[in-house]
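*Asks:* Under this note's numbering, the first residue of the sequence shown is numbered 6, with each subsequent residue one higher.
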Amino acid sequence: DFLKDVYTTINTKELHPASRLLSKITSVPVPPNKAIVGQNAFAHEAGIHQDGVLKNPLTYEIMKPEDVGFPSSQIVIGKHSGRHALMKKIAEFGYELSPEEIKTVYSRIKDLADRKKRIYDEDIEAILFDEILKTKKEDRYELISVNFSGGTDMEPTATIVIRENGQTKKSSAIGDGPVDAVYRAIQNAIGMNFELVDYSVKSISGGTDAQGDVSVILKLGDISANGTGVSTDIVVASAKAFISAINRIDKISKLKKNPEIKEKRAL
């Protein structure tokens, strides 16, 4: 009873969305067995547990999934889904998008639905982060196209086209695998040698048609930055991740050279 007058202003329904967003920004995955925000936090495999939860969720759960922000809707997004269903799903994730942003995301999801049998929540969330949360209008470099070839009897070769401040640049390179070839081609086009500190890839959902989520950390001098890329093609996702990290390094570099920033840091 001594806690009856104690309260906080914590919005617990934002716990799960905030955790997912932080995971995307930092490229650090949330362990499936993590309490409250992990994918398996409210999963039950044992028959007796499943039976108890179906009869009364509070039998084995100390809280409701919806109370910490887990989506409760059973709406499945596919190629026949309309914008209203997508807007509802986006709202469940806690995002507020402009009509133009919804149009962009809807177009990408419809394109993905033409290549996949089913669109998972993780797919939608990955597209939201990849397309909306990155400030592409302020980016110096933009990936236009990626083409690559390789096999058991030929050297992996990649050709990339990027746009730098409105100027189109094209470059090709040979590498130890298609991802390495793309990495070398991007460096050739930009004219800088970045150090690849870390590279990781994970499947967003199940199946051979799943999207790949690539995370990288690049370093240039004393500046390092992470980047992410999403695509059903791992090589394309890798190219997006490289460009994403390079743009972040460019922005950090500009901030360090800005005298106003330096003056504020000195204070």
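Glycine residues also receive a C-beta, built at the ideal position from the N, C-alpha and C atoms. Nothing here was measured: the structure is a model prediction, and the numbers come from that model.
Pick helix, strand or coil for Arg241, following the three-state DSSP scheme.
*Replies:* For the purposes of this step, residue 241 is taken as the residue at position 236 of the sequence shown. Note on identity: in this sequence residue 241 is Val, with Arg being the wrong assignment. Note: Val241 maps to helix in three-state DSSP.
*Asks:* Within the same chain, show all residues whose beta-carbon is closer than 8 Å to that of Val35, passing over the 5 residues directly before and after it, in chain order.
*Replies:* As a first step, residue 35 must be located in the sequence shown, where it is residue number 30. Result list for Val35: Ser24, Arg25, Ser28, Val42, Gly43, Gln44, in chain order.
*Asks:* If you reduce the DSSP assignment to three classes, tell me which class Val35 lands in.
*Replies:* Position 30 of the sequence shown holds residue 35. In this structure, Val35 counts as coil in the three-state DSSP scheme.
*Asks:* Rank Gly217, Ala242, Ile248, Lys69 by C-alpha distance to the C-alpha of Ala230 and give the top, closest one.
*Replies:* Against the sequence shown, residue 230 aligns to sequence position 225. Checking every option, the nearest Cα to that of Ala230 belongs to Ile248.
*Asks:* DSSP state of Arg145, grouped into three classes?
*Replies:* One-based indexing of the sequence shown puts residue 145 at position 140. Here Arg145 sits in coil by DSSP.
*Asks:* Check whether the region 241 to 261 and the region 187 to 196 are in contact - that is, three or more C-beta pairs closer than 8 Å.
*Replies:* Segments in contact, yes.
*Asks:* Is any heavy atom of the ligand SAM found at a distance shorter than 6 Å from the C-beta of Val184?
*Replies:* The model on display carries no ligand, and the ligand SAM is accordingly not part of it.
*Asks:* If you reduce the DSSP assignment to three classes, tell me which class Arg253 lands in.
*Replies:* Locating residue 253 in the sequence shown gives position 248, counting from the first residue. Looking at Arg253 - three-state DSSP - the assignment turns out to be helix.
*Asks:* Along the chain, where does the alpha helix (DSSP H) that runs through Pro104 open and close?
*Replies:* Position 99 of the sequence shown, counting from 1, holds the residue named residue 104. Pro104 -> alpha helix (DSSP H) spans 104 to 118.
*Asks:* Grouping DSSP H, G and I as helix and E and B as strand, with all else coil, what is Tyr204?
*Replies:* Locating residue 204 in the sequence shown gives position 199, counting from the first residue. If DSSP states are grouped into helix, strand and coil, Tyr204 belongs with the strands.
*Asks:* Using DSSP with H/G/I as helix, E/B as strand and the rest coil, what is Phe75?
*Replies:* The count along the sequence shown starts at 1 and reaches residue 75 at position 70. The answer is coil: DSSP assigns Phe75 none of H, G, I, E or B.
*Asks:* Buried or exposed, going by whether 16 or more other CB atoms sit within 10 Å of the CB of Ala96?
*Replies:* The residue you call residue 96 lines up with position 91 of the sequence shown. Ala96 comes out exposed.
*Asks:* Name the two residues that bound the continuous alpha helix (DSSP H) containing Gln192.
*Replies:* Position 187 of the sequence shown, counted from the first residue, corresponds to residue 192. Looking at the DSSP string, the run of the alpha helix (DSSP H) that includes Gln192 is 183 to 195.
*Asks:* When the Cα of Gly180 is compared with those of Asn170, Lys224, Gly156, which residue comes out closest?
*Replies:* As a position in the sequence shown, residue 180 is number 175, starting the count at 1. Nearest of Asn170, Lys224, Gly156 to Gly180, Cα basis: Gly156.
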